[in-house]
Amino acid sequence: MDYHRGTRPVRWPMKGRTGAQVRHMCDTVVIRDRERGGWWFAKNSDREPDEPQFVEFHPAVRGDPVTTLKTTYLEIPQVPDRHAVLISRPSWIWGAEMGVNEHGLAIGNEAVFSRRAGRHEPRLRGMDLVRLGLERAATAAEALAVMTELLMTHGQGGPAGYRNKRFAYDNSFLIADPREAFILETAGREWAARPVTGDFAAISNGYRLHTDWESAGGGFEGGDFAARHSDRLTTWIAGAHARRCAAEAGLRAMTEGAGPSFAALAALLRHHAKGDGFRRGSNHDICMHWGGRWRPWRPSATTGSMIARLSPEGLPQVAFTGRMTPCINPFRPARFDRQWMTHRFPRELVEEGWAIHARAARDPAYRRQRRAILAEQEPALFAAMEEEAPPSVLAARLTGLETALATC
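In structure tokens:
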């Protein structure tokens, strides 16, 4: 299938389509590291294929005299002290699809489809809540409290699409730190949450908390949270259950095998149920490929990916792709360092990713060659990250990998 005209993904026609027809489909996972302690966190962000998504570092702030903050749609009170964060965000959104802060707190959100009216009213976006949680909380429990308080105070809503402003949704979240993790699900101002009690958890684009929640608020009076809110048809079309099952199967295999690692989680984020994503792709793929203008039920593409090791000691080890389509692009080490992030995650990465995807969509040999180079050379980069190698070593291995990929 020809996905592109030139290098940028084609902007598909919106006329005659409802907001509900254009869906953003993501997958977020956490897994406990039984051998070394801590947790691992990973996410694929699936958005409109031509939406730029930037990876950024924002340093800690202490004693900020500014008292107000303009989020994507709302102006809310600002706090004077904020934590340093690494985030990946759509270019037009203040908040973040996913991120990690200096204390090893990681958060990612998912679109969930409720029957609630009023989703288009401008409020906080779910991505705003992700970034607010990262900036204002040091632990997962603190983030849960911060995010639910903001949700109950300001609500959630507003146009959620890059081009399709008729699209809106509610949100679920995975929140993790080196010690614990939580699932948070929302509909309007209502919310329910529970801790992750097993060795892993996955969320896709469907409600999964029924009566097993342990805390709730925002007007939710009890009972089955998913049954109360879920739009089952939209959730089914989005393939949420199938992708969550695929993610859980991969996580279970890790717990029964060698355990979590950058390589294992990268493989999970590159999952295709059938084919290689460019051919025979579906909404069951964790690595999502846009279905093209003639397959409107598959309107999303993975435009950014993140893996983080939340270690009990020291800073988290984090990697982002900075480009769309993780199955043909490397994960790049990220650091809480402005100079590193400026050099390793320039804005040009987005357009490079479009060009790489455009060629790969037309040339099966090209994508096979890129995948072969990733399989051969990326493990050395991952090993350096897990060994907490010096920045010079990380830079050299990333440069070597990118140089090899450029020869394709």
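Numbering (the working numbering), first residue to last: 480 to 887.
Yeah, the Cβ is synthetic: ideal placement off N, Cα and C, and Gly gets one too.
6 angstroms CB neighbourhood of residue i in its chain, flanking five on each side removed
i, result
"G612", "I586, A622, V625 and M626"
"V579", "L565, A585, A787, P795 and V797"
"F861", "F741 and A742"
"A868", "none"
"R598", "G636 and A647"
"G667", "R595"
"M493", "Residue placement at M493 is poorly supported in this model, since its pLDDT is 35, which falls under 50; the coordinates still yield a value, given next. The answer, listed in chain order, is N643."
Short Cβ contact (8 angstroms threshold) for residue i with residue j
i, j, result
"D656", "L584", "yes"
"T781", "S524", "yes"
"V797", "A813", "yes"
"A672", "H689", "no"
"T665", "S651", "yes"
"W519", "L873", "no"
"S570", "P531", "yes"
"G634", "R604", "no"
"M803", "M577", "no"
"R849", "L884", "yes"
"G574", "P791", "no"
"Y845", "C887", "yes"
"R511", "F679", "yes"
"G832", "N808", "yes"
"A660", "V675", "yes"
"V534", "F824", "yes"
"S593", "D710", "yes"
"M606", "I654", "no"
"D649", "R568", "no"
"A681", "A732", "no"
"L663", "L629", "no"
Residues near residue i by beta carbon distance below 8 angstroms, same chain, minus five either side
i, result
"T547", "E554, I555, P556 and Q557"
"A746", "G729"
"R484", "Only weak support is given to the placement of R484: the predicted model assigns it a pLDDT of 45, under 50, and the value that follows is read from those uncertain coordinates. Nothing listed; no residue qualifies."
"N762", "M504, I716, A717, G718, A721, R722, W776 and R777"
Outcome for residue i when other beta-carbon atoms lying within 10 angstroms are tallied against a minimum of 16
i, result
"D691", "exposed"
"H836", "buried"
"E669", "buried"
"V501", "Caution applies to V501, whose pLDDT of 44 falls short of 50 and renders its modelled position unreliable; the value that the coordinates give is listed next. Result: buried."
"L907", "Only positions 480 to 887 of the chain appear in this structure, which leaves residue 907 out of reach."
"H768", "buried"
"H822", "exposed"
"R687", "buried"
Beta-carbon contacts of residue i that lie in its chain and below 7 angstroms, excluding the five residues immediately before and after
i, result
"A719", "S683, N684 and G685"
"D764", "H750, H751, A752 and G756"
"R541", "D560"
"L744", "W519, A521 and I786"
"F815", "F536, A563, L565, E581 and L794"
"A539", "R561, H562, A563 and E581"
Range of the contiguous beta strand (DSSP E) that encloses residue i
i, result
"W670", "E669 to P674"
"I765", "Note, I765: premise wrong, no beta strand (DSSP E); not H, not E."
"P528", "First-last for P528: undefined, no H or E at that position."
"L584", "Per DSSP, L584 belongs to no beta strand (DSSP E) and is neither H nor E."
"S593", "Counting along the chain, S593 falls outside any beta strand (DSSP E), and DSSP gives it neither H nor E."
"A681", "F679 to I682"
"S694", "S694 to G696"
"I572", "No beta strand (DSSP E) contains I572, which DSSP labels as neither H nor E."
"R511", "D506 to R511"
"P556", "E554 to P556"
"T547", "T547 to K549"
Range covered by the alpha helix (DSSP H) that runs through residue i
i, result
"R788", "Taken as a continuous stretch (DSSP letters only), R788 belongs to no alpha helix (DSSP H), being part of the beta strand (DSSP E) at A780 to L789."
"A874", "P870 to A885"
"A851", "P843 to E865"
The ligand ZN heavy atom lying under 7 angstroms from the CB of residue i
i, result
"D649", "This structure lacks the ligand ZN, and indeed carries no ligand of any kind."
Cβ of residue i within 8 angstroms of any chain D Cβ
i, result
"F815", "Although the question refers to chain D, the structure presented lacks it and comprises just one protein chain."
For this session: Entirely within the stretch 698-762 and at least 3 residues each: give me those beta strand (DSSP E) ranges in chain order.
Result: none
Problem set entry | Every unbroken beta strand (DSSP E) inside the stretch 791-833 [3 residues or more] | 796-799 and 811-813
Exercise. Could you give the uninterrupted runs of the beta strand (DSSP E) lying entirely in the stretch 603-667, keeping only those of 3 residues or more?
Worked result: The qualifying runs are 649-655 and 660-666.
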